[in-house]
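As given, the protein sequences belong to chains A and B, one line each in that order. Counting from 0, one number per residue, gives the positions in the first sequence under numbering that gives the first Met the number 0. Counting from 0, one number per residue, gives the positions in the second sequence under numbering that gives the first Met the number 0. Don't be surprised by glycine CBs; every beta carbon is placed ideally from N, CA and C. Reading through the structure tokens given below for one structure.
There are 2 protein chains.
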Amino acid sequence: MSSVIKVLLAEDQGMMRGALALLLGLEEDIEIVAQVGDGDEIVPQALAVRPDIALLDIELPGRSGLDAAADLRTRLPECRVLILTTFGRPGYLRRAMEAGASGFLVKDGPVEDLAAAVRRVLAGERVIDPALAAAALSAGPNPLTQRERDVLAAAVDGATVADIAAKVHLSPATVRNYLSAAIGKTGTRNRMEAVRAARQNGWL
Amino acid sequence: MSSVIKVLLAEDQGMMRGALALLLGLEEDIEIVAQVGDGDEIVPQALAVRPDIALLDIELPGRSGLDAAADLRTRLPECRVLILTTFGRPGYLRRAMEAGASGFLVKDGPVEDLAAAVRRVLAGERVIDPALAAAALSAGPNPLTQRERDVLAAAVDGATVADIAAKVHLSPATVRNYLSAAIGKTGTRNRMEAVRAARQNGWL
DNA sequence: GGCCTGCTGTGACATTTGTCTTCCCATGCC
DNA sequence: GGCATGGGAAGACAAATGTCACAGCAGGCC
Chain A
0 MSSVIKVLLA EDQGMMRGAL ALLLGLEEDI EIVAQVGDGD EIVPQALAVR
50 PDIALLDIEL PGRSGLDAAA DLRTRLPECR VLILTTFGRP GYLRRAMEAG
100 ASGFLVKDGP VEDLAAAVRR VLAGERVIDP ALAAAALSAG PNPLTQRERD
150 VLAAAVDGAT VADIAAKVHL SPATVRNYLS AAIGKTGTRN RMEAVRAARQ
200 NGWL
Chain B
0 MSSVIKVLLA EDQGMMRGAL ALLLGLEEDI EIVAQVGDGD EIVPQALAVR
50 PDIALLDIEL PGRSGLDAAA DLRTRLPECR VLILTTFGRP GYLRRAMEAG
100 ASGFLVKDGP VEDLAAAVRR VLAGERVIDP ALAAAALSAG PNPLTQRERD
150 VLAAAVDGAT VADIAAKVHL SPATVRNYLS AAIGKTGTRN RMEAVRAARQ
200 NGWL
């Protein structure tokens, strides 16, 4: 391995971002060429600096890291994507794979894993926690339809049926139907539990 | 300053904990003498290694970092406490001060702040983000009574009135009364919004 | 063409939730 | 003693929520 690995790092928490950048910078074969704290900056920055690998958090201000990953796949196909997230949710992993990510790492693990994962991804490997992969397979695909997700997502902060109806441009009666369907499919008793369950599985 | 600053680090996210430990370890005058990922281990570890300062996250498995801080105040008074948290919630800051913390840092800021804050706390200063202090003062104290907090906390995951009543050993009618009071005091429209608001302010 | 699925909408119904008023009882304060 | 305060509880009522059955319409599949 002769040349240095160029890394783009997207992470919203300043202290985490700075710490990871410093740590990876200590490795001789790794160089951080861009740091962003907002999902909307990922693609423009990547196009500007052309990194070998993008290290993306999922939950960011602006666009989600998963959306950005899908975009990078088409706009900068030579750039690998390694998702780095707090939550090892089955649905997240599934969506990451569909978005063309080469790896999926949870922030719970030891720091040493990170540089190792970067190198393995660059070597062409797929890096995925085996336990998480098993969970994603056993959990099955997302049972919620697009509309059900929309409505449930609009219900997160305690919005009333009328609020949700206005937000998604549907009749209040229809909103209640979708909520009822989502509650049924998630096996829960009310929308609050349904939201919890959907979040837990990475279905939103 | 002749001797080295001994630091105990409590943080649940493995990667964050490792990264912070490595970073602080790079400073010549700082040594990490203990790392814990569980709130229940803070006090025992502190008593064992007797650090000069404890760097505590608030939201941990086991005991909250705030509870541990209050305990350290009495069990190991010579140990300063610096709270390091994701969420700059007014209620958290207030409770941290009441628990005898010497500083309150949010994880959003740059990493350089951390070592600086540690040194300043050890020098006897109080380290608090001025904007956050202002917010905490303007927000006023927690308006919720103990019971209202209990009931609201039991309502977080979509529990029904009956569930909550069973959990806190109250009559369902009383639970509804408290929920109504909490909704009124938070200026919200339903329990879901009330829970959000209370969380936001660090009142739970 | 038939069949299924998904999206949108209604109306009716039972249940849950939120609000208000009232009550009892203990505590503490003057 | 007199009196406010706060926790706990009940009942009554209106509003919101969850369920169900049904219906029209589009698209995809065999």
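Spell out the partners DSSP gives Lys-5/B in its beta bridges. Assignment of beta-bridge partners to Lys-5/B by DSSP yields Glu-30/B.
So, for Val-69/A: in the same chain, excluding its five sequence neighbours on each side, which residues have a beta-carbon less than 6 angstroms away from its beta-carbon? The sequence shown places Ala at residue 69/A, not Val. Within the same chain, Ala-69/A has close Cβ partners Ala-98.
Residue-level contact to chain B via CB, Glu-10/A, 8 angstroms cutoff: For Glu-10/A, no CB of chain B lies under 8 angstroms from its own CB, so it is not counted at the interface with that chain.
Is it a yes or a no for the segment 102-113 of chain B touching the segment 123-141 of chain B, going by three-plus beta-carbon pairs under 8 angstroms? yes
Answer yes or no: does any C-beta atom of chain B fall closer than 8 angstroms to that of Arg-195/A? yes
Excluding the 5 residues flanking Ala-158/A on each side, which residues of the same chain have their C-beta closer than 8 angstroms to its C-beta? Lys-166
Could you list which residues in chain B have their beta carbon closer than 8 angstroms to that of Val-110/A, in chain order? Gly-13, Met-14, Gly-17, Ala-18 and Leu-21
8 angstroms is my cut-off, CB to CB: does Gly-123/B come that close to chain A? no
Please report the straight-line C-alpha distance between Asp-37/B and Leu-59/B, rounded to a whole angstrom. 6 angstroms
In the DSSP assignment, find the alpha helix (DSSP H) that holds Thr-159/A and state where it starts and stops. Segment: none, Thr-159/A is in no alpha helix (DSSP H) and carries neither H nor E.
Between Glu-97/A and chain B, is there a C-beta pair that is closer than 8 angstroms? no
Determine which residues of the segment 141-160 of chain A have a Cβ less than 9 angstroms from any Cβ of chain B, and write them out in chain order. Correct list: Ala-154, Val-155, Asp-156, Gly-157, Ala-158 and Thr-159.
Where do the ends of the alpha helix (DSSP H) carrying Ala-53/B lie? No alpha helix (DSSP H) contains Ala-53/B, which is instead part of the beta strand (DSSP E) from 52-55.
Under 8 angstroms between C-beta atoms, does Arg-188/A make it to chain B? Chain B, which has a Cβ nearer than 8 angstroms to the Cβ of Arg-188/A, makes this yes.
Whole angstroms is fine: what's the gap from Arg-118/A's alpha carbon to Asn-176/B's? Rounded to whole angstroms, Arg-118/A to Asn-176/B spans 58 angstroms at the Cα level.
So, with DSSP's three-state summary, where would you put Arg-72/B? helix
Give the range of the beta strand (DSSP E) segment to which Thr-84/B is assigned. 79-84
Among Ala-45/A, Val-120/A, Val-194/A and Pro-140/A, which residue has its Cα nearest to the Cα of Asp-156/A? Val-194/A
Ser-2/B versus Leu-19/B, Glu-30/B, Arg-16/B and Asp-56/B, residue with shortest Cα-Cα distance: Glu-30/B
Considering Cα atoms alone, identify which of Ala-138/B, Asp-11/B and Arg-79/B is closest to Pro-50/B. Arg-79/B
Taking Ala-116/B as the reference, which of Ala-18/B, Ala-47/B, Ala-172/B and Ile-82/B has the closest Cα? Ile-82/B
Could you pull the start and end residues of the alpha helix (DSSP H) that Val-194/A belongs to? Note, Val-194/A: alpha helix (DSSP H), 190-199.
Against Leu-113/B, what residues of chain A qualify as contacts under a CB-to-CB distance less than 8 angstroms, listed in chain order? Met-14
Is the beta carbon of Gly-87/B less than 8 angstroms from the beta carbon of Ala-9/B? No, these two residues do not count as a Cβ contact at 8 angstroms.
Member of Leu-113/B, Pro-171/B and Leu-136/B whose CA lies at the smallest distance from the CA of Leu-19/B: When each option's Cα is compared against that of Leu-19/B, the closest is Leu-113/B.
Entirely within the segment 93-124 of chain B and at least 3 residues each: give me those beta strand (DSSP E) ranges in chain order. Under the rule that a run must span 3 or more residues, the beta strand (DSSP E) segments found entirely inside the segment 93-124 of chain B read 102-105.
Excluding the five sequence neighbours on either side, which residues of its own chain have a C-beta within less than 8 angstroms of the C-beta of Gly-24/B, listed in chain order? Glu-30 and Ile-31
What are the residues that DSSP puts in a beta bridge with Ile-127/B? In the DSSP assignment, Ile-127/B is bridged to Phe-103/B.
Lys-106/A: contacting residues in chain B (beta-carbon distance under 8 angstroms): Gln-12, Gly-13, Met-14 and Met-15
Thr-73/A classed as buried or exposed, judged by whether at least 16 other C-beta atoms fall within 10 angstroms: Around the beta-carbon of Thr-73/A, fewer than 16 other beta-carbon atoms lie within 10 Å, marking it exposed.
Between Glu-58/B and chain A, is there a C-beta pair that is closer than 8 angstroms? With 8 angstroms as the cut-off, Glu-58/B does not count as an interface residue toward chain A.
Cβ of Leu-54/A within 8 angstroms of Cβ of Ala-67/A? no
Under 9 angstroms Cβ-Cβ, which residues of chain B neighbour Thr-85/A? Gln-12
So what does Val-35/B bridge to, in DSSP terms? Ala-9/B
Neighbouring residues, chain A, relative to Glu-40/B (Cβ below 7 angstroms): Per Cβ cutoff of 7 angstroms: no residues; Glu-40/B is ~17 angstroms from chain A at best.
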